[in-house]
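Below: one structure, written as structure tokens.
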Amino acid sequence: MDKFKYAVLCVDDDPVILQLIDFQMKKLVNPVNTIVESTTDPTQVEEKLEEIKSYGLEPLFLMTDYQMPGMSGAQLIRKMKKINPELNCILLSGQANDVAVAELEDEKLLFSFIGKPWREDQMKEILRPLFSKTEEN
């Protein structure tokens, strides 16, 4: 963990989708200094973020699905932004309704929304500003 400075956290209750996101993230991040963490359980996110910080890593962003058992992506984003207001949050979903996305945007809680299915080049373009600092180090 000594060489790493940054972390990305991805959440989706569908293991197959999460595996695809994880695969794509690993192609986008700077492998020299950034790790990708993932979970299918939104209730584990707070603990995972604390663990990331305990290693001295800076979380670049949280990417979450919208519709998950136990906690929606909107609820998760609101909870994590209360704990870490600087955290960039991306909602990745084919289930989110326009009202929920608009509310998160109006509350300035959402960095971006990406609809499912997505294109890898689209995701790369949206996330480019967040990854820019990792290229400097």
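Counting the sequence shown from 1 gives a position; our numbering is that position plus 211. Where a beta carbon is used, it is the ideal one built from N, C-alpha and C, also for glycine.
Note down the Cα distance separating residue i from residue j, rounded to an integer number of angstroms.
i      : j      : result
ASN295 : SER304 : 22 angstroms
GLU314 : ALA307 : 11 angstroms
ALA285 : PRO253 : 11 angstroms
VAL256 : LYS327 : 21 angstroms
LEU271 : LEU298 : 7 angstroms
SER229 : LEU220 : Before going on, a small fix: residue 229 reads as Leu here, not Ser. In a straight line, the C-alpha of LEU229 is about 11 angstroms away from that of LEU220.
PHE322 : LEU302 : 8 angstroms
TRP329 : THR345 : 24 angstroms
ARG289 : LEU320 : 7 angstroms
MET279 : VAL310 : 17 angstroms
GLU261 : LEU273 : 13 angstroms
ILE325 : LYS214 : 30 angstroms
GLY281 : GLN333 : 29 angstroms
PRO340 : TYR266 : 24 angstroms
Is the CB-CB distance between residue i and residue j below 8 angstroms?
i      : j      : result
VAL247 : ASP224 : no
PHE342 : ASN241 : yes
ASP276 : VAL222 : yes
ALA218 : LEU268 : yes
LEU338 : LEU239 : yes
LYS259 : THR250 : yes
GLN235 : GLU331 : yes
I need the boundaries of the beta strand (DSSP E) containing residue i, first residue and last residue.
i      : result
PHE215 : Here PHE215 belongs to no beta strand (DSSP E), and DSSP marks it neither H nor E.
LEU302 : 299 to 304
LEU273 : 269 to 275
Assign residue i to one of two classes, buried (16 or more other C-beta atoms within 10 Å of its C-beta) or exposed (fewer than that).
i      : result
LYS237 : exposed
ASP317 : exposed
SER283 : buried
LYS292 : buried
VAL216 : For the sequence presented, residue 216 should be read as Lys rather than Val. So LYS216 ends up on the buried side.
Could you spell out where the alpha helix (DSSP H) holding residue i opens and where it closes?
i      : result
PRO226 : 226 to 239
GLU314 : 309 to 317
GLY284 : 284 to 294
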